[in-house]
């Protein structure tokens, strides 16, 4: 083939890649949180409702292919389902969809920090534990994108396990106890029916690469025992050196109770586990994502924004993400607590303030007051 023919062929492949990328982006857009929020409220229908001894009034609201899990009308999870037959049965969870933006940020943070410290989630796998099942979208996504990983969930409410299987269509193995046996590569999502505080005490030391915490009660609060030192020490013990606890919290404007709670918990995480990083959820400032990384002796434990972003981008490309994990971690801050000012939370740009430092989250992760006004008007 002549040089001109080679160039033409390369152009064809480039055009094909661009078309495929555009198609993937469109497909992701229709399964995103924004698409869910655009769904007409009058189309809402209830596919399940019952009273749980653990979480109170439990309801699943359907908006077309979206299924919203709610406790006492506080939204706790969101999934995208396919193969619906019209009567709320026979649905299958689309495990390639991750609608909530904050769950995407949590996922991007975990892969960025893991990859930066040398954990190959794609080819070698790792051990990931999710505290709280919700609608199951995040652990299902992780199991699909990282089949070599051992992905496990701990959920205290048996009703949630049953309805997520039936009405969110999630395929999972329910087990009665957490096993320290490494199950990487079998491609199965496991759910342990247990209280996470009790289960964490049974985990083998240094056995988990990432712990995800997205657990709220029927009032929308993190259960009190999950923010206590004893539980966090158990998490630290179970994490590998350099492993991270990644969690979602409700955010607030400066001086609000929600923002004060973020600062208080960040201070506790730094004291019990290790360096804390904060990440804004740009499309949903009502959320903020924190990570606490267990120190590894003799190694640097504070990567820059650029290092986290590059690592997340690499894993996203290897795993075929339809959205950009790089974009979601570019606004990383390292959290410093000023004890002289009553434990104030100070967010410092991760790394040298280059381009990312200038334009990403210049006001930290504090929720803008304009967003609060928008919420009040709704």
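Residue numbers (full-length UniProt numbering): 1 to 378. Every residue, glycine too, gets a C-beta built ideally from N, C-alpha and C. Just so it is clear, the structure is predicted and the values come from calculations on it, not from any experiment.
Residue burial classification, residue i (beta-carbon count within 10 angstroms, cutoff 16)
i, result
"residue 234", "buried"
"residue 65", "buried"
"residue 326", "buried"
"residue 287", "buried"
"residue 198", "exposed"
"residue 55", "buried"
"residue 168", "buried"
"residue 205", "exposed"
"residue 108", "buried"
"residue 390", "What the structure shows of the chain is the stretch from 1 to 378, and residue 390 is not part of that stretch, so it cannot be assessed."
"residue 175", "exposed"
"residue 320", "exposed"
Nearest candidate by alpha-carbon position, reference residue i, set the options
i, options, result
"residue 163", "145, 134 and 45", "134"
"residue 284", "35, 175, 371 and 303", "371"
"residue 82", "70, 161 and 166", "166"
"residue 348", "278, 295 and 99", "278"
"residue 335", "261, 125, 290 and 159", "290"
"residue 256", "239, 366 and 321", "366"
"residue 37", "239, 80 and 49", "80"
"residue 62", "188, 117, 44 and 297", "44"
"residue 211", "239, 172 and 227", "239"
"residue 276", "250, 259 and 303", "303"
"residue 34", "78, 53, 106 and 58", "78"
"residue 117", "329, 92, 333 and 294", "294"
Collapsed DSSP secondary structure at residue i in the structure displayed
i, result
"residue 300", "coil"
"residue 326", "helix"
"residue 281", "coil"
"residue 355", "Low confidence applies here, because residue 355 scores a pLDDT of 43, under 50, leaving its location unreliable and the question unanswered by this model."
"residue 365", "coil"
"residue 32", "coil"
"residue 136", "coil"
"residue 313", "helix"
"residue 419", "Examination of residue 419 is not possible in this model, given that the chain is present from 1 through 378 alone."
"residue 216", "coil"
"residue 124", "coil"
"residue 333", "strand"
"residue 241", "strand"
"residue 176", "coil"
"residue 349", "strand"
"residue 254", "coil"
"residue 97", "coil"
Run of the alpha helix (DSSP H) containing residue i, from where it starts to where it stops
i, result
"residue 203", "Looking at the DSSP string, residue 203 is not in any alpha helix (DSSP H), and its letter there is neither H nor E."
"residue 106", "101–116"
"residue 189", "That residue, residue 189, is in no alpha helix (DSSP H); it is neither H nor E in DSSP."
"residue 230", "229–238"
"residue 258", "257–272"
"residue 127", "Per DSSP, residue 127 belongs to no alpha helix (DSSP H); it is in the beta strand (DSSP E), 127–131."
Endpoints, beta strand (DSSP E) assigned at residue i
i, result
"residue 61", "56–63"
"residue 152", "150–155"
"residue 211", "208–213"
"residue 68", "66–71"
"residue 75", "74–82"
"residue 49", "45–52"
"residue 289", "287–293"
"residue 162", "Unbroken run through residue 162 is the alpha helix (DSSP H), 158–167; no beta strand (DSSP E)."
Counting pairs of Cβ atoms below 8 Å between the stretch 66–76 and the stretch 212–228, do you hit three or more?
-> yes
For the stretch 132–149 against the stretch 237–249, are there 3 or more C-beta pairs whose distance is under 8 Å?
-> no
Looking at C-beta atoms only, is the number of pairs between the stretch 305–323 and the stretch 99–113 that lie closer than 8 Å three or more?
-> yes
Inspect the CB distances between the stretch 146–154 and the stretch 97–107 and report whether three or more fall short of 8 Å.
-> Flag = no, the stretch 146–154 and the stretch 97–107 do not touch.
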